[in-house]
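A.B. asks:
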Amino acid sequence: MADIFPSYKFPHGLGGVKFDKYDVKELKYLKLVVKETLRLHPPIPLSVPRECREETDINGYTIPVKTKVLINVWALGRDPKYGNNFEFLPFGSGRRVCPGISFGLANIYLPLAQSLYHFNWKLPTGLD
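Take the UniProt record's numbering: the final residue in the sequence shown is number 128, and no numbers are missing along the way.
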C-alpha cells in the first residue's frame with residue numbers, strides 16, 4: 001500500500017491528512033492496478049453482440065453478412081499477443097465504446113482509494 005500513496009503528497013502516511021476526490025488523479029499506481037484487474041477479470045467475459053456489415057475473412061474463416069459476432073474479452077485480456085494493446089476492454093472500444101466509462105471508473109477509483117487510505121489492510125495471521 002505504500003506504493004499507492006506518494007510520500008510527498010501524504011507525508012503523515014495513511015490516515016494522516018484528509019483524502020478526497022482531487023487526490024485520486026495523483027494515484028498512478030492505483031489506476032494501473034484497476035486497469036490490470038479489469039483486463040484480467042472483466043465483469044462480462046463476452047462483449048455485446050455485433051452484427052457484420054460486410055463479408056469478412058478472419059484467420060481463414062469467412063464471416064457472412066448479418067452474422068452476430070461475440071468478442072471473447074476474457075481471452076483477449078489473457079493473450080500476451082493482444083492483451084496489452086486494449087485499454088478497458090470491458091467498456092468496449094471504437095465507435096461503440098461505453099458512454100459510462102468515466103462514471104464507472106470514478107466509482108471504482110475513489111471508494112477504493114479511500115478504503116486503502118483510511119484502513120490499515122493486512123493479511124490474516126499465518127498468511128504472508
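Ideal Cβ positions, reconstructed from N, Cα and C, are used throughout, including at glycine.
How many Å lie between D23 and Y109 at the Cα?
C.D. replies: Approximately 11 Å between the Cα atoms of the pair.
A.B. asks: Can you tell me which of C98, N120 and P45 puts its alpha carbon nearest to the alpha carbon of L76?
C.D. replies: Ranking C98, N120 and P45 by Cα distance to L76 puts P45 first.
A.B. asks: Please state if the CB of K66 and the CB of C52 are separated by a distance shorter than 8 Å.
C.D. replies: Result yes, Cβ atoms of C52 and K66 sit closer than 8 Å.
A.B. asks: So Q69 and R50 are supposed to be a Cβ contact under 8 Å. How far apart are they, rounded?
C.D. replies: Correcting the residue identity first, residue 69 is Val in this sequence and not Gln. Sure, about 5 Å apart at Cβ, within 8 Å.
A.B. asks: Taking Cβ positions, are A106 and L27 nearer each other than 8 Å?
C.D. replies: Against a cut-off of 8 Å, the Cβ pair of L27 and A106 comes out as no contact.
A.B. asks: Cα-Cα, which of L32, F91 and G100 is closest to P43?
C.D. replies: Here the closest residue by C-alpha is F91.
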